[in-house]
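Everything on this sheet refers to the single structure shown next.
This is the structure in structure tokens:
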């Protein structure tokens, strides 16, 4: 059986504060809503809640709500009987039953349709469910931990998320801090991922230079821990000799911080107004596009949709800026 999640680590004040809350929450069985930006470790927090509590000997069942088509949600969640629909050649146990006496983790719960929200609410109200095609009610002893990076209060006001479901899920709340508020955890997490990946990639001798560490400390990490992990993995795979290879945008953060450290106040600009504005615009564009790719996990079509532009224009802009969308998957 998996122990308390060893990947949920940190020593910063922000991390220790939220970890103390998690340990208190783990002691009860109330529903929990884990909130935080993309890549902050919401599933790791949910696993820590599970494996720190009385249900640790039971199953932990993760569900990506955004990845289940609306027409299949009830079948996936509650199971179905043989012949319940055209492709139901045999009976199937649902995820709720699979999580009995354990924890059901609902990631991206804000992605549920109104129909899916209603089905989930019915189960949360009395712990009873009916498999698709069955007339018999069944029960399950399940703790629900939901996660979202969306503004659920705004979704409630917009009537795209049910208020009664929001209050059912939000019995207890965990707010995960972004990595930019956990500066002292960056070296710790970096070392953890280096140790994790260099052996399996056959790069046992890879180390991190002082300059690389400084650049990683200066970078804002809009994709949070997931981005840090991807950067380390990429850096090990592409390492030149025994030095971790950082992508250009992280290295530039270190150079910018070094340059700003040499002046007393505002940064020094060189060149004409047009040249300076073009450089600054490029920085803004790059930061925005990288943020979009983190939000969409490297899906160019989804990023283009969020940016209200065409996919081909998005792809062209990524090529111009030298951004590889694959590292965000």
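Numbering (the working numbering), first residue to last: 963 to 1291. Note that CB positions come from ideal geometry on N, CA and C, so glycine has one too.
- Here residue 1026 carries a strand assignment [DSSP, helix/strand/coil].
- A Cβ-Cβ separation of about 7 Å places residue 1090 in contact with residue 1100 under the 8 Å criterion.
- In the structure shown, residue 1123 adopts coil according to DSSP, grouped into three states.
- Nearest to residue 1066 by alpha-carbon distance, out of 1235, 1022, 1095 and 1276, is 1022.
- Burial check for residue 1245: the Cβ neighbour count within 10 Å stays below 16, so the residue is exposed.
- When 1055, 1019, 1020 and 1203 are compared, the shortest CA-CA separation from residue 1036 is found for 1055.
- Excluding the 5 residues flanking it on each side, residue 1174 has same chain C-beta neighbours closer than 7 Å at 1206 and 1208, in chain order.
- Residue environment: residue 1129 is assigned as exposed (fewer than 16 neighbouring CB atoms within 10 Å of its CB, all protein chains considered).
- For a cut-off of 8 Å, the C-beta gap from residue 1184 to residue 1252 is around 6 Å, short enough to register as a contact.
- With a cutoff of 7 Å on beta-carbon distance, residue 976 and residue 1143 are scored as near each other.
- Listed as beta-bridge partners of residue 1137 by DSSP are 997.
- By the 16-neighbour rule on beta-carbons within 10 angstroms, residue 1250 is exposed.
- Measuring C-alpha to C-alpha distances from residue 1282 to each of 1263, 1256, 1255 and 1247 identifies 1247 as the nearest.
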